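Take a look at the structure set out below.
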Amino acid sequence: MSEAAYIPASGLSGKLQRLSARTFARAPLRIKLARPLVSFTFDDFPRSAATTGAALLEARGWAGTYFAAGGFKDQTTHHGAMFDIEDLNRLTANGHEIACHSFSHLDASSSRDSRFLEDVERNAEFFTDAGLDAAQTFAFPYGEATAGLKRALIKRYGALRGVRPGVNRGTADRALLKAVPLDGGLAGLQRAVDAVRDAAREPGWLIFYGHDVQDLPTTWGCTPEFLAAVVEAVEAVNADVLPMNQALARIEGGAA
Ligand SMILES: [Zn+2]
737 MSEAAYIPAS GLSGKLQRLS ARTFARAPLR IKLARPLVSF TFDDFPRSAA
787 TTGAALLEAR GWAGTYFAAG GFKDQTTHHG AMFDIEDLNR LTANGHEIAC
837 HSFSHLDASS SRDSRFLEDV ERNAEFFTDA GLDAAQTFAF PYGEATAGLK
887 RALIKRYGAL RGVRPGVNRG TADRALLKAV PLDGGLAGLQ RAVDAVRDAA
937 REPGWLIFYG HDVQDLPTTW GCTPEFLAAV VEAVEAVNAD VLPMNQALAR
987 IEGGAA
């Protein structure tokens, strides 16, 4: 697996593809909440998210969702050391959700759907081998989806997450849920805190996604202070904080 950061297709074809993925194969999820609901998720995932990141959540009695790409286990990437089996076991024991992010972290916009689905299957085998329960939710690497994959994967997972920012409310698309990044330095922190206020003003499901949590974060990561500030903002609006699978069950149960 390459250690270099990978940037998905940009330009007009990338834009059209993303528009098409957003527009088609929607799976409506009616969200009606009396209080804001927040999920903290981490992608890939780096050890720092499983240690420093998890500790910040656990200190509040909260748990997050960790989107594991099996191919990253025991690897070192631009995010630093990636998760190992002990991280998976400890996170599970502490009530976090381990969810699916494909095995090889494929870009759906440049892979055939059949190849992508094989890779998802490979990650399911990785979960079995690691002694994990089958994943209940899925995040598209780079947030890149296709209509065909949305249709196929929503049969298998309760929810699929992308990276388009915003609060999920009203009739959301459970096959491509919005998520706000935990990156971008001070401007990114302001965007994250604004999202919390937005979710509180008109209660919705706010999903954050991050990567590394370390003093010198990558472009896709944040510092422990950044995450602590977001946690504080979430606490200040008295939001419920649940891993994605539990948040989904809450929404489907209609209990606010
Ligand atoms: Zn990823």
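Residue numbers (our numbering): 737 to 992. Backbone N, C-alpha and C define an ideal beta-carbon position, used for all residues, glycine too. Predicted model, so just to flag it, every value in this text is computed and none were measured.
DSSP places I743 in the coil class of the three-state scheme, outside both helix and strand.
For ligand 1, no non-hydrogen atom lies closer than 8 Å to the CB of F852.
Segment contact: the region 768 to 780 against the region 798 to 808, three or more CB-CB distances shorter than 8 Å; contact assigned. Placement of the Cβ of F803 at a distance of less than 8 Å from at least one heavy atom of ligand 1 is found.
Taking 8 Å as the cut-off, one finds at least one heavy atom of ligand 1 near enough to the beta carbon of Y878. Per DSSP, G906 lies in no alpha helix (DSSP H) segment; the continuous beta strand (DSSP E) that holds it begins and ends at 906 to 909. When DSSP states are grouped into helix, strand and coil, G867 belongs to the coil group.
The beta-bridge partner set that DSSP reports for D780 consists of A804. When T955, T907, V916 are compared, the shortest CA-CA separation from V774 is found for V916.
Rounded to whole angstroms, P764 and L896 show a C-alpha spacing of 12 Å.
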